[in-house]
Amino acid sequence: MDFLSIENLSKSFDGVTALRQVGLEVKSGKIHALIGPNGAGKTTLFNILSGILKPTQGRIRFKGQQIDALRPDRITSLGIGRTFQNIRLFKSLTVLENVMVGRHCRTRTGLARTFFSLPFKKLEEEINIRDMANELLRFVSLFDKKESKAASLPYGSQRRLEIARALAAEPLLLLLDEPTAGMDTRETEDLAALITKIRDQGVTILLIEHDMHLVMGISDVVTVLNFGRKIAEGHPREIQSSPEVIEAYLGAQE
Amino acid sequence: MFSSYIESILIFNGIHIIMALSLYLPFSAGQISLAQAGFMAIGAYASSVMTLFWGFPFYIALFLSGLLSAMTGVLVGFPAIRIKGIYLLLLTLAFGEMVRVFFLNFEFTGGASGMGGMDLQTNFVNVYTIVAILIIFFYRLSKSRMGRAFESMREDELAAEVMGINIVKAKLLAFGVGAFIAGLGGGLYAHYVMYIDSPKFGFLLAVEFFVFVVFGGMEIFWGPIIGTTLLTLIPEVVRFLKEWRMIFYGLVIVVLMIVRPQGLIDKKLVDDITRYAKKLF
């Protein structure tokens, strides 16, 4: 059974075609990078994968189950988590609360349980959520900031917080949309180490990224999109020497 | 316990707090509603029918009319699943007006001449017992999984959905429970004034509840409680201003919205007070 398979996926918006018959296989346990010039359709693909957009055509299977018609929250509970290119944290919630929200689909306590529980005794589930969120904040080195408002964090920390929030749902596949955008060299290196660490814990990673140094350094597989089409796929070394890719990035040589 | 004048102000204040909290619940999940006066009308009429025509005990009638109101709330919640912001405001406003016109023409509950003759059942103790229960509910909600889910939806609905929150369920829940609380408020109101007619539950009343919540602050449930209390008491305290009274009332709201656009009470203020109180004891 394939981990994630995308077949013949197309998406058009009012006549503008963002994706044309894209096929993609993501193997479990890998870091799979998705690269391509701006407007190549990378984020559109992520939005379809996470259920925000519905494809015009094509099929997506995740661990044998067809997911392209499911609601975003269903897809998350099946095990696909994501971060956003234009950071979408819950700004006025604290850092800790942001991660705790990420735990929502793995927990059960409803309104009635909340209201009718015994006084002065925290619900066990609530304690577990908090413990796990604390642990994840240590994992992304934000533990000492946990009581701050999410909006008050510097840019790079906000990106790491988004990763922690996504990890709280225990995803099997994590979609990272330009996780190093706006980071300096050191932050980028730290993030590369973090991504590798997440992969080593068994989470498969699909990564959109413009930092070629990072992509070539940590990816197991690279797929290149251009104008909504897949133009190349393979090991980072093969991609770097592929004429189509060089053309897409640098323009045709006269 | 109090003079009857003060007691009646406090009872109305309690009912207003209940109504403001009924609005605050969908608000906390990012759902704006001008339908609360409509839910209140449903609670008021339904409980009166049950006590007056069917001889139900008051508290059972109150609870059942809350449930009926909650069911209507869930129905209103369905279109709210896809409709947002100002369009939702218009939709809930239209619903409130539908309820008003329905009771204006519904002969069974007196139509335009209204409905009277209910027993006086509402008093200081039962109103404030319900307020206290609601405070416990909202306090617990604010520290719970569903409370966080609501807040995250208010902050960013799409991100909340992608983080695994079933926003359809959450919105119906917020509208339903909010309407339940409004239904209780309506039942208490009907059994205090002992005469209800549909023009009372028009859109001006819905706006009044809206103002209570915005004035007090939408970040935390203490906001609507304090906001309602101040706005209910201010017109009484400044009675000596006579006909200028409501101008003063308006002025207070204008000034506060300029000085504190987030409302009187926000989370930071509550945190500061809690910290200060802990230091004292």
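Read top to bottom, the protein sequences are chains B and W.
Quick note on my numbering: the first sequence kicks off at 1 and runs consecutively.
Quick note on my numbering: the second sequence kicks off at 1 and runs consecutively.
We put the beta carbon where it would ideally sit given N, CA and C, even for glycine.
Nothing here was measured: the structure is a model prediction, and the numbers come from that model.
Item to check | Selection of the stretch 141 to 165 of chain W by Cβ proximity to chain B, strictly under 8 Å | outcome: L141, K143, S144, R145, M146, G147, R148, A149, E151, S152, E155, D156, L158, A159, A160, E161, V162, M163, G164, I165
Checklist entry - DSSP beta-bridge partners for B/H12? => result Looking at the sequence provided, one finds Ser at residue 12 of chain B rather than His. Answer is B/T17.
Checklist entry - Where does B/E254 sit, in a helix, a strand or coil, going by DSSP? => result In this predicted model, B/E254 has a pLDDT of only 48, less than 50, meaning its place in the structure is not dependable; the value taken from the coordinates is given anyway. If DSSP states are grouped into helix, strand and coil, B/E254 belongs with coil.
Item to check | Alpha carbon of W/M257 to alpha carbon of W/G223, nearest angstrom | outcome: 14 Å
Item to check | Environment of W/M98 [buried if 16+ CB atoms lie within 10 Å] | outcome: Around the beta carbon of W/M98, fewer than 16 other beta carbons sit within 10 angstroms, so the residue counts as exposed.
Checklist entry - Under a three-way DSSP split, which group does B/Q256 fall into? => result The shown model of chain B, from 1 to 254, leaves out residue 256 of chain B, and the question about it has no answer.
Item to check | Beta-carbon gap between B/L225 and B/G102 smaller than 8 Å | outcome: no
Checklist entry - How long is the line joining the alpha carbons of B/E254 and B/G228, rounded to whole angstroms? => result For B/E254, the predicted model reports a pLDDT of 48, less than 50, meaning its position is unreliable and no value from the coordinates is stated.
Checklist entry - Is there at least one Cβ from chain W nearer than 8 Å to B/L213's Cβ? => result Residue identity check: residue 213 of chain B is His in the sequence provided, not Leu. Judged by the 8 Å Cβ criterion, B/H213 is not in contact with chain W.
Item to check | Which of helix, strand or coil DSSP assigns to B/M183 | outcome: coil
Checklist entry - According to DSSP, is B/L4 helix, strand or coil? => result Here B/L4 sits in strand by DSSP.
Item to check | For W/E151 and W/S47, believed in contact at Cβ under 8 Å, the rounded distance | outcome: At roughly 32 Å, the Cβ-Cβ gap does not stay under 8 Å, so W/S47 and W/E151 are not in contact.
Next on the checklist: Let me check understanding here. Comparing Cα to Cα, which of W/R140, W/I226, W/A159 lies closest to B/G81?
Outcome noted: W/A159
Next on the checklist: Check for me: the alpha helix (DSSP H) holding B/Q57 runs from which residue to which?
Outcome noted: Unbroken run through B/Q57 is the beta strand (DSSP E), 57 to 62; no alpha helix (DSSP H).
Checklist entry - Ordered along the chain, which non-local residues of its own chain (more than five positions away) have a Cβ less than 6 Å from that of W/I17? => result Around W/I17: V131, I225, T228.
Item to check | Nearest-angstrom Cα separation, counted from W/F39 out to W/G202 | outcome: 11 Å
Checklist entry - Considering W/G43, what are the terminal residues of the alpha helix (DSSP H) in which it resides? => result 36 to 48
Item to check | Nearest-angstrom Cβ-Cβ length linking B/A166 and B/A133, presumed shorter than 8 Å | outcome: Going by Cβ atoms, the distance from B/A166 to B/A133 rounds to 12 Å, so no, they are not a contact pair.
Item to check | Proximal residues of chain B, C-beta to C-beta of W/L231 below 8 Å | outcome: Per Cβ cutoff of 8 Å: no residues; W/L231 is ~24 Å from chain B at best.
Checklist entry - Touching or not, the stretch 212 to 220 of chain W and the stretch 242 to 251 of chain B, by the rule of three or more beta carbon pairs under 8 Å? => result Judged by Cβ distances under 8 Å, the stretch 212 to 220 of chain W makes no contact with the stretch 242 to 251 of chain B, as fewer than three pairs qualify.
Next on the checklist: If we define contact as Cβ-Cβ less than 8 Å, is W/F137 a contact residue for chain B?
Outcome noted: yes
Checklist entry - Is the Cβ of W/V207 closer than 8 Å to any Cβ of chain B? => result no
Item to check | Candidates B/G79, B/P72, B/I52, B/K54, of which the one nearest B/G64 by Cα | outcome: B/G79
Checklist entry - Using a Cβ cut-off of 9 Å, which residues of the stretch 70 to 87 of chain B contact any Cβ in chain W, in chain order? => result Taking 9 Å as the Cβ-Cβ cut-off against chain W, the residues of the stretch 70 to 87 of chain B that qualify are R71, P72, D73, R74, I75, T76, S77, G81, R82, F84.
Item to check | First through last residue of the beta strand (DSSP E) which encompasses B/L175 | outcome: 173 to 177
Checklist entry - Tell me which same chain residues have a C-beta within less than 8 Å of the C-beta of B/L142, skipping the five on either side of it? => result V95, L153, S157, R160, L161, A164
Item to check | W/A70 versus W/L173, W/F2, W/E219, residue with shortest Cα-Cα distance | outcome: W/L173
Item to check | Within-8 Å CB hit, B/L111 to chain W | outcome: yes
Next on the checklist: I'd like to know if W/L134 contacts chain B, where contact means its C-beta is closer than 8 Å to some C-beta of that chain.
Outcome noted: no
Next on the checklist: Suppose contacts are defined by Cβ-Cβ distances below 8 Å. Is B/V222 in contact with B/A18 by that definition?
Outcome noted: no
Checklist entry - Distance, Cα to Cα, W/I273 vs B/D200? => result Between W/I273 and B/D200, the C-alpha separation is close to 45 Å.
Checklist entry - Since W/V177 meets chain B, which of its residues come closer than 7 Å, beta carbon to beta carbon? => result L111
Checklist entry - B/P55 and W/E161: beta carbons closer than 8 Å? => result No.
Item to check | Minimum length 3: unbroken beta strand (DSSP E) runs contained in the stretch 206 to 230 of chain B | outcome: 221 to 226
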